[in-house]
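The listed protein sequences derive, respectively, from chains A and B.
Heads up, the first sequence is in this note's numbering, so the first residue is 1 and it goes up one at a time.
Heads up, the second sequence is in this note's numbering, so the first residue is 1 and it goes up one at a time.
Backbone N, C-alpha and C fix where the C-beta goes; we use that ideal spot for every residue, glycine too.
Structure first, then comments.
Number of protein chains: 2
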Amino acid sequence: MGMQRTPLLMSRLIERGAALAPEADIVTATADGTRRQSLRETVERAHRLAHGLRDAGVGIGDRVGVFMWNGARHLEAYFAIAGMGAVLHNLNIRLGGRDLEYVINHAESRLLIVDADLLPRLAPLAGRLPSVEAVVVAAEEGFENWSTALPAATDYEDFLAPWPTRFEWPLMEEPAPLGLCYTSGTTGHPKGVEYEHRSQYLHTIAMCLTDAMGLSATDTVCGAVPMFHVMGWGFPWAALMLGCRQVMPHRFTDPERLGRLLADEGVTLAAGVPTVWQGLRTACLERPNRFDLSRLSRIVSGGSAVPASLARWYWDTLGVEMIQEWGMTETSPLATFSRRIPRPGKGDSRVAPDAYLEEVGKAGQALPGLEVEIFDEWHRPLPHDGEAMGDVLVRGPWVCSEYYRVPLPDRFRGDWLVTGDVGRIDERECLVLADRAKDLVRSGGEWISSVDLENHIVALPGIVQACVVAQPHPKWDERPVALVVLEEAATVRLAEVRTHCLKRFARWQLPDDVLVVESIPLTATGKMDKKTVRADLEAAGYRLPELR
Amino acid sequence: MGMQRTPLLMSRLIERGAALAPEADIVTATADGTRRQSLRETVERAHRLAHGLRDAGVGIGDRVGVFMWNGARHLEAYFAIAGMGAVLHNLNIRLGGRDLEYVINHAESRLLIVDADLLPRLAPLAGRLPSVEAVVVAAEEGFENWSTALPAATDYEDFLAPWPTRFEWPLMEEPAPLGLCYTSGTTGHPKGVEYEHRSQYLHTIAMCLTDAMGLSATDTVCGAVPMFHVMGWGFPWAALMLGCRQVMPHRFTDPERLGRLLADEGVTLAAGVPTVWQGLRTACLERPNRFDLSRLSRIVSGGSAVPASLARWYWDTLGVEMIQEWGMTETSPLATFSRRIPRPGKGDSRVAPDAYLEEVGKAGQALPGLEVEIFDEWHRPLPHDGEAMGDVLVRGPWVCSEYYRVPLPDRFRGDWLVTGDVGRIDERECLVLADRAKDLVRSGGEWISSVDLENHIVALPGIVQACVVAQPHPKWDERPVALVVLEEAATVRLAEVRTHCLKRFARWQLPDDVLVVESIPLTATGKMDKKTVRADLEAAGYRLPELR
Numbered sequence: 001m002g003m004q005r006t007p008l009l010m011s012r013l014i015e016r017g018a019a020l021a022p023e024a025d026i027v028t029a030t031a032d033g034t035r036r037q038s039l040r041e042t043v044e045r046a047h048r049l050a051h052g053l054r055d056a057g058v059g060i061g062d063r064v065g066v067f068m069w070n071g072a073r074h075l076e077a078y079f080a081i082a083g084m085g086a087v088l089h090n091l092n093i094r095l096g097g098r099d100l101e102y103v104i105n106h107a108e109s110r111l112l113i114v115d116a117d118l119l120p121r122l123a124p125l126a127g128r129l130p131s132v133e134a135v136v137v138a139a140e141e142g143f144e145n146w147s148t149a150l151p152a153a154t155d156y157e158d159f160l161a162p163w164p165t166r167f168e169w170p171l172m173e174e175p176a177p178l179g180l181c182y183t184s185g186t187t188g189h190p191k192g193v194e195y196e197h198r199s200q201y202l203h204t205i206a207m208c209l210t211d212a213m214g215l216s217a218t219d220t221v222c223g224a225v226p227m228f229h230v231m232g233w234g235f236p237w238a239a240l241m242l243g244c245r246q247v248m249p250h251r252f253t254d255p256e257r258l259g260r261l262l263a264d265e266g267v268t269l270a271a272g273v274p275t276v277w278q279g280l281r282t283a284c285l286e287r288p289n290r291f292d293l294s295r296l297s298r299i300v301s302g303g304s305a306v307p308a309s310l311a312r313w314y315w316d317t318l319g320v321e322m323i324q325e326w327g328m329t330e331t332s333p334l335a336t337f338s339r340r341i342p343r344p345g346k347g348d349s350r351v352a353p354d355a356y357l358e359e360v361g362k363a364g365q366a367l368p369g370l371e372v373e374i375f376d377e378w379h380r381p382l383p384h385d386g387e388a389m390g391d392v393l394v395r396g397p398w399v400c401s402e403y404y405r406v407p408l409p410d411r412f413r414g415d416w417l418v419t420g421d422v423g424r425i426d427e428r429e430c431l432v433l434a435d436r437a438k439d440l441v442r443s444g445g446e447w448i449s450s451v452d453l454e455n456h457i458v459a460l461p462g463i464v465q466a467c468v469v470a471q472p473h474p475k476w477d478e479r480p481v482a483l484v485v486l487e488e489a490a491t492v493r494l495a496e497v498r499t500h501c502l503k504r505f506a507r508w509q510l511p512d513d514v515l516v517v518e519s520i521p522l523t524a525t526g527k528m529d530k531k532t533v534r535a536d537l538e539a540a541g542y543r544l545p546e547l548r
Numbered sequence: 001m002g003m004q005r006t007p008l009l010m011s012r013l014i015e016r017g018a019a020l021a022p023e024a025d026i027v028t029a030t031a032d033g034t035r036r037q038s039l040r041e042t043v044e045r046a047h048r049l050a051h052g053l054r055d056a057g058v059g060i061g062d063r064v065g066v067f068m069w070n071g072a073r074h075l076e077a078y079f080a081i082a083g084m085g086a087v088l089h090n091l092n093i094r095l096g097g098r099d100l101e102y103v104i105n106h107a108e109s110r111l112l113i114v115d116a117d118l119l120p121r122l123a124p125l126a127g128r129l130p131s132v133e134a135v136v137v138a139a140e141e142g143f144e145n146w147s148t149a150l151p152a153a154t155d156y157e158d159f160l161a162p163w164p165t166r167f168e169w170p171l172m173e174e175p176a177p178l179g180l181c182y183t184s185g186t187t188g189h190p191k192g193v194e195y196e197h198r199s200q201y202l203h204t205i206a207m208c209l210t211d212a213m214g215l216s217a218t219d220t221v222c223g224a225v226p227m228f229h230v231m232g233w234g235f236p237w238a239a240l241m242l243g244c245r246q247v248m249p250h251r252f253t254d255p256e257r258l259g260r261l262l263a264d265e266g267v268t269l270a271a272g273v274p275t276v277w278q279g280l281r282t283a284c285l286e287r288p289n290r291f292d293l294s295r296l297s298r299i300v301s302g303g304s305a306v307p308a309s310l311a312r313w314y315w316d317t318l319g320v321e322m323i324q325e326w327g328m329t330e331t332s333p334l335a336t337f338s339r340r341i342p343r344p345g346k347g348d349s350r351v352a353p354d355a356y357l358e359e360v361g362k363a364g365q366a367l368p369g370l371e372v373e374i375f376d377e378w379h380r381p382l383p384h385d386g387e388a389m390g391d392v393l394v395r396g397p398w399v400c401s402e403y404y405r406v407p408l409p410d411r412f413r414g415d416w417l418v419t420g421d422v423g424r425i426d427e428r429e430c431l432v433l434a435d436r437a438k439d440l441v442r443s444g445g446e447w448i449s450s451v452d453l454e455n456h457i458v459a460l461p462g463i464v465q466a467c468v469v470a471q472p473h474p475k476w477d478e479r480p481v482a483l484v485v486l487e488e489a490a491t492v493r494l495a496e497v498r499t500h501c502l503k504r505f506a507r508w509q510l511p512d513d514v515l516v517v518e519s520i521p522l523t524a525t526g527k528m529d530k531k532t533v534r535a536d537l538e539a540a541g542y543r544l545p546e547l548r
């Protein structure tokens, strides 16, 4: 034994930033502006929260459900629960009541921390959560007079008040559980994935690599991705470790408020799903120059594919680099990053926009330590030639090995996780996703990628969003149909879309129909809910044009 | 168990870069230019080397001594030995024969890989290395007709030739040993530090953080630090992981050749001890504009303190950012980095030169996961106020917990390593080193930092190098004396040095004498050898001016 056996615990990382940059702001949006506290205060409050939780009976390994917007108190909950060795059970506030009840009971969470404005969403669950012993309610301005039928409810500030600002974080084994997230399953119950100290520690370090997103202490970070989505993509931990300024939108997630927040706080790096950036673009287009986004340098986008037209707009209009990440609840979540821009500096010049846009359309290269591979149906690895398409499997130290208290052996092959995605890997080891396996359109024995079509269609002027789904066809099995959301006063014709698609796709790949809709239904994590789209079309008795 | 139990083995990292950038050059300097091979070839040759080593009887955990300059074959040895689970025992080619014999025998290395031009240095050891069963000799151009009395010698290329380009790296436990380095001990025998897969894995990832040195796949890296110094400061591993171009000076380490190599190969990041950068500066000053260093953006300097005047020259003249790192054999070696420059980019502007120069004079902030602390003589932690000075102790996952086969309990306090350095920690957690504990000058009950004086004196025009050591004084205990190396035709007077030092130091801290010398003796790792300086002064009967 030559080297120290220091366990990889999150408590070793999250204290670091506050020591380096105690005065760094943690900014939370409020109804009429922002409120702010320093990183030092945040850490002290987190230590007090940990005391309160322990006093309430929360011990090592116990689940604490957190039902909150992004904000300073949510960050304190991350910090306290991780530090004390409890398990941060992030509750998606957009889950339906039945799913919410299921996940709290399945996780047997002992205590809930809830934003007061969200209490009404939990009201129907009163009396149905046998494991929950107490509720701590965080009241932002205007919500001080909250009430709830949930048991043993305490105000968050009262819960913290009696305690000292120093909690001795326990020493644990590094695979000790740290967090629990449930996937918004499209079939059956949500499935839980349990994160561990070791896995999140390694994930936190890796995401701060220069070739990932170049996150630095000098960044001001805004996670537009909710902190209840897969550990906020790791941003809360990484920013705590580095000592970044953090800016949190709380419940003010509309594009207007988000744009203003990014501008006013000088955010340099923001992260969120593509729909957020589509919304911000629309807001910018409606009133050009309304936001001064001159400090914003990078947007990390993930959760679904980034349309090239969106990346191009941010690059051309705002000079903002878009970085695509790919991952999922089961991969903690960050697995790959698309980034190949020489850092601007001496002797470097930014790569040509077209080369950059080609890169950002890919899911990218796996973070060091993680392996991504494509396999055919007989589990034979496929060549990395940018042509062969197969099931995407992944393994590594922050990839899940099982679901929480539910055996799902078909989601694993050997030590690989089956991601459910289908894609290619090119000569430079860049993963290029084709589609979710279940969203591919199978036409005449060939596969059509719904994602590729969507990303191409959405580049047409006047189209805000496009969603392509398969519809049954007696001869071809399935044919693609595009649903589109239009800008105000815009129109679109099928022939126009097909002509536009012919620039890139073969004739047999073109959509058979274009349906203008008001909006596309989204899943609880903000992705297009194609299962619901297909179900709605079926319920409406939709038939393909040539079958009518 | 929610997450996969993937062991942190170096074989998981080092294959990555070649997959991402198979065509990246590995450049080795030769007598009349360079030779180059691709990263793909390098990896294939490493796999063949591993086959050869296994065939020669090298198994998991066996030590392989490597006695080589920086070059492609040395990199192959790193790769093969790490991959196959053997132990890379780096031999410092500047060690004296007796120390060399000691470390090879103490490590019980079973096989040596030796650069042919270095064979004469091993000649005196023939017949004195009982554990060594075979020698593999790497012959660069001009050294093909090597001969040696060492046992079972084979040419490196013949050793590789029979084998396939794919070796199945074994699965091991992550604390499996990976490498072995001996410190060039100033007292007694050299002490060995054994690195493990886990510790080097974590070290490799951490050193690539943006806030460390921002190492990226887009960098062309030149380790002017020898690969026989503490795993080449981790650069070989990091560059393999990211897929960087690597440029290696081999035996051509003089400033002229190094400058030309950096220029010709468009190196963007170089690393080495301050004396290397002093040498390069002198070469540049002798003939301005001789090297086009416009691509060079960062120099990582470590091993001893960086004089502010040196950092200023590189910044002002070449626009090169100097990054100071601090660490030691016992810390794998990278522990802290001094870097606080906003990355040039949107909305950022470089900090003012003076602020930058103040930062680069500090050892810097600990890498995430590592703890650095200062203690008083009763092992009480001291405040981080930039004033309190104490013993620097360090702990974390890449800090050694014991020396190899030698108990040295006084080098540890609890789970802390006693570094032997003395310093302060400021409010932003930056470590500011005062001196090696044994090099401090104790005058009238107060301490004088020899390093601070040196770094100030060397800024005087005409002075190339300065070395301050204590000399005995009957009243004050010790008084500082400065030895200086001058530029050609330059002169210096004691009064001049003292006046210059008064700008920053109190009168009682000024050196009592200035001695002009031809050169300062260096240790095997290129640091000023103050033990020898003091011994030489004593042998020469040196007395302080007022005692003569």
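Contact criterion: CB-CB distance below 7 Å. Does residue i meet it with respect to chain B?
i                : result
Leu20 (chain A)  : yes
Glu194 (chain A) : yes
Ala217 (chain A) : yes
Asp211 (chain A) : yes
Cys208 (chain A) : yes
Short of 7 Å in beta carbon distance, which residues of its chain neighbour residue i, apart from the five on each side in sequence? Order them along the chain.
i                : result
Val58 (chain B)  : Val64, Ala86, Arg110, Leu111
Asp439 (chain A) : Ser450, Lys530
Leu318 (chain B) : Leu293, Leu296
Gln37 (chain B)  : Ile26, Ala72
Arg121 (chain B) : Ile93
Nearest by alpha-carbon distance to residue i: which of the options is it?
i                : options                                : result
Pro151 (chain B) : B:Leu129, B:Phe143, B:Ser332, B:Glu157 : B:Leu129
Gly192 (chain B) : B:Asp99, B:Ser301, B:Gly445            : B:Asp99
Val406 (chain B) : B:Cys284, B:Ala50, B:His500, B:Val103  : B:Val103
Are the beta-carbon atoms belonging to residue i and residue j less than 7 Å from one another?
i                : j                : result
Pro307 (chain A) : Thr6 (chain B)   : no
Ala29 (chain B)  : Phe79 (chain B)  : no
Val481 (chain A) : Gln471 (chain A) : yes
Phe291 (chain A) : Gly259 (chain A) : yes
Leu269 (chain A) : Arg298 (chain A) : yes
Gly266 (chain A) : Thr220 (chain A) : yes
Using a Cβ-Cβ cut-off of 7 Å, state whether residue i counts as contacting chain A.
i                : result
Pro11 (chain B)  : Note that residue 11 (chain B) is Ser in the sequence shown, not Pro. Taking Cβ atoms only, chain A never reaches closer than 7 Å to Ser11 (chain B), which makes this a no.
Val549 (chain B) : This structure leaves residue 549 (chain B) out entirely; chain B is present only between 1 and 548.
Gly369 (chain B) : yes
Gly16 (chain B)  : With the sequence shown as reference, residue 16 (chain B) is identified as Arg, and Gly is not the correct amino acid for it. Taking Cβ atoms only, chain A reaches closer than 7 Å to Arg16 (chain B), which makes this a yes.
Ala535 (chain B) : no
Thr525 (chain B) : no
Gly2 (chain B)   : yes
Is residue i a contact residue of the ligand NAD, with contact defined as CB to any heavy atom under 6 Å?
i               : result
Asn92 (chain A) : The ligand NAD is absent from the structure shown, which contains no ligands of any kind.
Taking contact to mean 3 or more Cβ pairs, one atom from each stretch, closer than 8 Å, check whether the region 378–393 of chain A and the region 167–184 of chain A are in contact.
no
Specify whether the region 369–377 of chain A and the region 234–244 of chain A touch according to this definition: at least 3 beta carbon pairs, one from each stretch, less than 8 Å apart.
no
Using a Cβ distance threshold of 8 Å, determine whether the region 388–403 of chain A contacts the region 192–202 of chain A, with at least three qualifying pairs required.
yes
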